[in-house]
Amino acid sequence: MRHVIALDVGGTGMKAALAGPGGELLHEARRATGRDRGPEAVVAGILDFAAELRAHGADRFGEPARAAGVAVPGIVDEESGTAVFAANLGWHDVPLRALVAERLGGIPVALGHDVRTGGLAEGRIGAGRGADRFLFVPLGTGIAGAIGLDGRVEAGAHGFAGEIGHIVVRPGGAPCPCGQRGCLERYASASAVSQAWAEAGGGPDADAADCAKAVAAGDERARRVWQDAVDALADGLVTALTLLDPRVLIIGGGLAEAGETLFTPLRDAVRRRVTFQRLPELVPAALGDNAGCLGAGLMAWDLLHGTPAPSATPTLTSPEVTT
Numbered sequence: 085m086r087h088v089i090a091l092d093v094g095g096t097g098m099k100a101a102l103a104g105p106g107g108e109l110l111h112e113a114r115r116a117t118g119r120d121r122g123p124e125a126v127v128a129g130i131l132d133f134a135a136e137l138r139a140h141g142a143d144r145f146g147e148p149a150r151a152a153g154v155a156v157p158g159i160v161d162e163e164s165g166t167a168v169f170a171a172n173l174g175w176h177d178v179p180l181r182a183l184v185a186e187r188l189g190g191i192p193v194a195l196g197h198d199v200r201t202g203g204l205a206e207g208r209i210g211a212g213r214g215a216d217r218f219l220f221v222p223l224g225t226g227i228a229g230a231i232g233l234d235g236r237v238e239a240g241a242h243g244f245a246g247e248i249g250h251i252v253v254r255p256g257g258a259p260c261p262c263g264q265r266g267c268l269e270r271y272a273s274a275s276a277v278s279q280a281w282a283e284a285g286g287g288p289d290a291d292a293a294d295c296a297k298a299v300a301a302g303d304e305r306a307r308r309v310w311q312d313a314v315d316a317l318a319d320g321l322v323t324a325l326t327l328l329d330p331r332v333l334i335i336g337g338g339l340a341e342a343g344e345t346l347f348t349p350l351r352d353a354v355r356r357r358v359t360f361q362r363l364p365e366l367v368p369a370a371l372g373d374n375a376g377c378l379g380a381g382l383m384a385w386d387l388l389h390g391t392p393a394p395s396a397t398p399t400l401t402s403p404e405v406t407t
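First residue of the sequence shown? That's 85 in my numbering, and the numbers climb one at a time after it.
See the structure below:
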């Protein structure tokens, strides 16, 4: 059976799959990234994992993978296939596309940014399916974005497109590791909410999920923390939609798991802020943590078929999952 390799590399774990031509995940596997062993070991682990997936596909389906897609965090030069920088993995200027292609016998390989890759999947086969313009914003440890245009995701001239987390929403506010003060992700990321709730009385081990539960239970301290985050997020989103005019605004990541505890006040806050702008549909992401693998698979099929690949609905079978 024709298939491609899809690999989504995170700061702590790697998710991988063999994806069929309709987007279906035929085989899934996960393992630790192993960043504690250093950047060279991380790269070696990626190459070993990809080779194991190739061997598994050849054994199971009678033919090797036709192509591969790899999603990684940090700054990515997709044109040259270089992982330019990733603070949480400790690497600089890694020619990852060439290394993976060499290890896999010269098959075509696509390298993409993890959020843009997840956004590609959400836009083409997930919550933004059918929309000609969308913005995908996952709210996790940080905040980034993917700008979707006619079935593809914009990388920008230098690979920085979509960095909505570094829009300044509170001038002169909390310092950000990027060097600015008052960036959106310092107020509305899951890590920011966790810190604010812990300081407001949630306890030293409190996190954003605990804050959401406290909000739902009627805790006034939690409600204030949550509303501060929602207001900051709405400020950033309205700036983005003013510039980009998306038809659909897709919110994902860990904070979105709060459901309507997030989406009801967020829709209200965005609605209050728009004036001349057209209000986009604001929806939760649909693909969960499969988005990165699905997007990596789509990138791989695009190499074979041209961009974009057909917008098939993926069949999430009962996959064989290995660790």
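Beta carbons are placed, not taken as given, at the ideal position from N, Cα and C, and that holds for glycine.
Contacts around Gly104, its chain only, beta-carbon distance under 6 Å, and the 5 residues preceding and following it disregarded: His87, Leu110
Exposure of Asp132, with buried meaning 16 or more beta-carbon neighbours within 10 Å: exposed
Through-space distance from Gly263 to Ile248, alpha-carbon basis: 15 Å
Inter-residue spacing [alpha-carbon to alpha-carbon] between Glu365 and Ala296: 23 Å
Rounded separation between Ala300 and Asp294 - CA only: 10 Å
CB contact flag (Phe169, Gly153, <8 Å): no
Sufficient close CB pairs (3 or more, under 8 Å) joining the region 321-329 to the region 276-286: no
Meets three-Cβ-pair contact criterion under 8 Å: the region 112-119 and the region 194-208: no
Residues bridged to Arg115 (per DSSP): Met98
Beta-carbon contacts of Pro123 that lie in its chain and below 7 Å, excluding the five residues immediately before and after: Leu173, Gly174, Trp175
Cβ-Cβ distance between Ser273 and Thr345 below 8 Å: no
Residue range of the beta strand (DSSP E) that includes Thr166: 166-170
Test item: CB-CB of Ala230 and Gly190 under 8 Å: no
Neighbour-count burial assignment, Met98, 16 or more Cβ in a 10 Å radius: buried
Extent of the continuous alpha helix (DSSP H) to which Phe133 belongs: 123-145
Length of the line joining the Cα atoms of Gly212 and Leu317: 20 Å
Nearest neighbour of Ser275, chosen from Gly338, Val221, Ala100, Cys377 [CA to CA]: Gly338
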